[in-house]
Structures are given as structure tokens and as C-alpha cells.
Amino acid sequence: MPELPEVEVVRRGLVPWVSGRRVTWVAVDHARSIRRHPGGARALARELEGEVIAYPSRRGKYLWFVLEPSRRALVVHLGMSGQLLLIDPTDVPDRVRLHHVRVRIDMTADHQLWFVDQRTFGGLFVDDLVADDGAGAIPASIRHISRDPLDPQFDSRGFSRELRRRGTGIKRALLDQSLISGIGNIYADEALWRSRVHYDRPCARLSPRDVETLLGHVRDVMHEALAQGGTSFDDLYVNVNGESGYFDRSLDAYGREGQPCHRCGRPLVRESFMNRSSYRCPRCQRAPVRAGG
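Numbering that gives the first Met the number 0 numbers the first residue of the sequence shown as 0 and each following residue consecutively.
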């Protein structure tokens with residue numbers, strides 16, 4: 000699933016192409032991709048056509064486009080395999096010509112915005128904007144999602160206090176979008192490896208300095224991933240021009256089962272965690288000792 004760096008790469012790629020553009024028409028090619036929009040394809044087209052996209056915004060893994068003059072938002076979640084591609088309708092690449100195109104949005108420009116989604120877990124819908132707890136506004140449906148660690152208004156001290164009250168392991172807390180958004184499985188494993196912290200270490204056993212160090216590694220990993228266009232293990236994640244990111248070549252933990260730890264040389268292990276996998280070094284990230292153990 001695309002995580003914060005991948006979604007931010009997409010957002011940045013869209014800014015110069017969609018900001019200030021008027022939507023001229025909308026075509027829905029697969030109803031499942033707009034299942035969260037009341038009224039279906041006709042209603043979506045009616046609410047978008049004639050609107051001007053002011054700018055694209057993001058929180059965590061959600062993207063939205065502020066619409067004028069309605070002051071509503073077109074919300075996009077990429078799901079497992081969603082892509083937002085800028086397409087020249089006179090020269091459509093063969094790889095997307097007939098494959099998994101779900102929604103097409105034409106603007107007063109040379110390109111159309113296509114939503115492509117192989118697994119159809121993602122989708123688009125129009126939502127009302129509501130006042131945020133800081134400057135600006137946010138779609139009503141995602142206001143419960145916390146700020147992400149790259150947000151200038153992210154409250155590091157408040158996060159640390161709340162995190163250390165949690166009765167769970169640290170990775171479970173990092174994946175909780177109501178506590179901190181945008182951190183998925185890949186970047187949680189990378190930050191925990193850099194911090195030498197086991198994924199199941201109780202949050203209550205982390206000191207404020209531990210949390211500060213971990214947040215620093217989270218931010219470092221995400222900035223490095225952004226600089227490399229995100230992480231692409233297959234062709235399901237690409238940027239708006241259809242290009243893959245290459246941060247997968249820089250991963251220290253995720254996906255490296257059996258390979259030597261870049262720090263100590265011990266083979267990394269993969270363990271089951273919340274219906275997914277966690278990768279760690281058994282020497283650098285020792286399992287926590289349980290009470291009475």
C-alpha cells in the first residue's frame with residue numbers, strides 16, 4: 000500500500016498540473032471506485048464539472064483537491080494499488096490504455112487525470128470541508144486522522160505523552176492513524192531498525208528521549224524516501240508520470256529476511272504481526288522481557 004512518502008510524491012507531482020484547472024467532464028469506468036460517493040457516477044460528475052481545482056492537499060495517506068467555488072473537496076485514497084496519472088489523451092501509454100482505468104477527469108489543459116486501480120480498494124468521493132484544528136480546512140470524513148510527522152503543526156511533545164500512555168507495543172501504536180498518520184508497515188520497520196527498538200516493545204517503557212529519537216528516524220526515513228520517489232516493489236505504485244520510486248534499494252530492514260543486518264551482520268528475520276510481517280535484526284532489536292518472564 001502506498002504510504003506517506005509515496006502519496007506526497009504524487010501530490011507534489013500534481014501541483015503544477017492541476018492547480019487552477021477547471022474540470023470540464025468526468026467519466027466513471029468502474030462504479031466500485033466511487034462507492035463512497037452518494038448518488039454514483041452522475042452525481043460525482045455533476046458535483047465536479049465546472050469546478051476549479053484550487054490546490055491538492057494531503058494528510059497521512061489521504062489526498063484531496065480543494066474545489067472552487069463550492070469550497071468542497073475531492074478526496075482520493077489510493078488503497079492498495081491506486082494510481083493518479085497525468086495522461087495525454089492523444090498519446091495514451093499502452094500499459095494503461097485498457098488496464099484498470101477507473102475514473103477519468105478532463106481539465107482545461109493538455110492532460111487528463113486518470114485514477115487507475117487494479118485491486119479497486121481505493122476510491123474517490125466529494126466531501127465537505129470543515130475547520131481544522133490549525134490553519135485551513137480538512138474534509139469532514141478524515142478529520143479524525145492525526146497529523147503526520149512531516150506536518151509543520153505536528154505536536155511532538157503531545158504525541159510522546161499520548162504514546163507512552165498506550166498499553167500496546169510500539170509498532171502497533173505507530174500504525175494507529177488516530178495517533179500519528181502516514182506511517183505504514185515499511186517505514187515503521189525501517190525507523191524501528193534505525194532506533195534499535197523491537198516492534199513489540201511496550202510504549203510505556205519508552206522514555207521521552209526514546210520517542211524523540213524514534214521520531215527523528217521516522218522523519219529521516221520519510222525524507223530519504225521522498226528524495227528517491229518513494230518505494231516501489233512492483234508496478235502498483237508509480238508517480239503521476241508512471242515512474243517507479245527506488246527507495247527499496249536503500250531499505251535496511253523491510254523485505255530483507257535472511258539477509259545480513261547492515262549494522263551487525265546477523266541475518267534479519269521476518270515475524271508475523273497484525274496479519275502482516277515485521278522485519279528486524281534479532282541482535283540489534285532484542286525482544287522485550289515480559290514481566291514474570
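Built from N, CA and C at the ideal position, the CB exists for glycine as well.
Runs of 4 residues minimum, wholly inside the stretch 186-231: which ones carry the alpha helix (DSSP H) assignment? With a minimum length of 4 residues, the continuous alpha helix (DSSP H) runs that stay inside the stretch 186-231 are 207-226.
Is it the case that the Cβ atoms of V125 and A136 are separated by a distance below 8 Å? For the pair V125 and A136, the CB atoms are not nearer than the 8 Å cut-off.
Per-residue DSSP class, three states only, for A42: helix
Pair within 8 Å by beta-carbon distance, R200 and G166: no
Assuming contact is defined by CB atoms lying nearer than 8 Å, are S140 and V65 in contact in what I supplied? no
Quick check on this structure: which residue in A187, R142, R31 has the alpha carbon closest to the alpha carbon of R101? R31
Looking at the unbroken alpha helix (DSSP H) that takes in A172, where does it start and where does it end? 169-173
With the cut-off set at 8 Å, would you say L213 and A190 are in Cβ contact? yes
Among R35, R41, K60, V51, which residue has its Cα nearest to the Cα of V9? K60
Specify, as a first and last residue, the run of the alpha helix (DSSP H) that E67 falls within. Per DSSP, E67 lies in no alpha helix (DSSP H) segment; the continuous beta strand (DSSP E) that holds it begins and ends at 61-67.
Taking C-beta to C-beta, are M221 and L149 nearer than 8 Å? yes
Tell me where the beta strand (DSSP E) around R71 begins and ends. 71-76
Among E256, N184, P259, which has the Cα closest to the Cα of R275? N184
In the DSSP output, what is S18 paired with across the bridge? Beta-bridge pairing links S18 to no other residue.
Nearest-angstrom beta carbon gap, R146 and A26 [assumed within contact, 8 Å]: 35 Å between Cβ atoms; not a contact.
What residue range is occupied by the uninterrupted beta strand (DSSP E) comprising F158? That residue, F158, is in no beta strand (DSSP E); its alpha helix (DSSP H) goes 155-162.
Which whole-angstrom value describes the C-beta separation of E67 and A53, a residue pair presumed to lie in contact below a C-beta threshold of 8 Å? At roughly 5 Å, the Cβ-Cβ gap stays under 8 Å, so E67 and A53 are in contact.
Taking the beta carbon of Q284 as the centre, do at least 16 other beta carbons fall within 10 Å, making it buried, or is it exposed? buried
To which residues does DSSP link V27 through a beta bridge? BP columns for V27 point to V102.
Proximity winner among G49, V268, W63, relative to P138 (alpha-carbon distances): W63
Separation of R21 from F246, as counted between CA atoms: 34 Å
Hey, L250 and C260 are a contact pair by Cβ (cut 8 Å); roughly how many whole angstroms apart? The Cβ separation is near 12 Å, so there is no contact.
Buried or exposed for G292, please, with buried defined as at least 16 other CB atoms from any protein chain shown within 10 angstroms of its CB. Caution applies to G292, whose pLDDT of 48 falls short of 50 and renders its modelled position unreliable; the value that the coordinates give is listed next. The residue in question, G292, is exposed, as its Cβ has fewer than 16 Cβ neighbours within 10 Å.
Using CA atoms only, rank isn't needed, just tell me which of S206, G12, C202 is closest to E242. G12
Pull up the CB-CB distance for L85 and L112, whole angstroms please, since I reckon it's below 8 Å. Between L112 and L85 the Cβ distance is about 6 Å, and since that is below 8 Å, they are a contact.
Pick out whichever of R269, N240, M79, P281 has its Cα sitting closest to the Cα of W16. N240
Have a look at S271, H216, E5, G121 and flag the residue whose alpha-carbon is nearest the alpha-carbon of G78. Nearest of S271, H216, E5, G121 to G78, Cα basis: G121.
Quick one: using the 10 Å Cβ neighbour count with 16 as the cut-off for buried, is W192 buried or exposed? buried
Whole angstroms are fine: how far does the CA of G49 sit from the CA of T107? 10 Å
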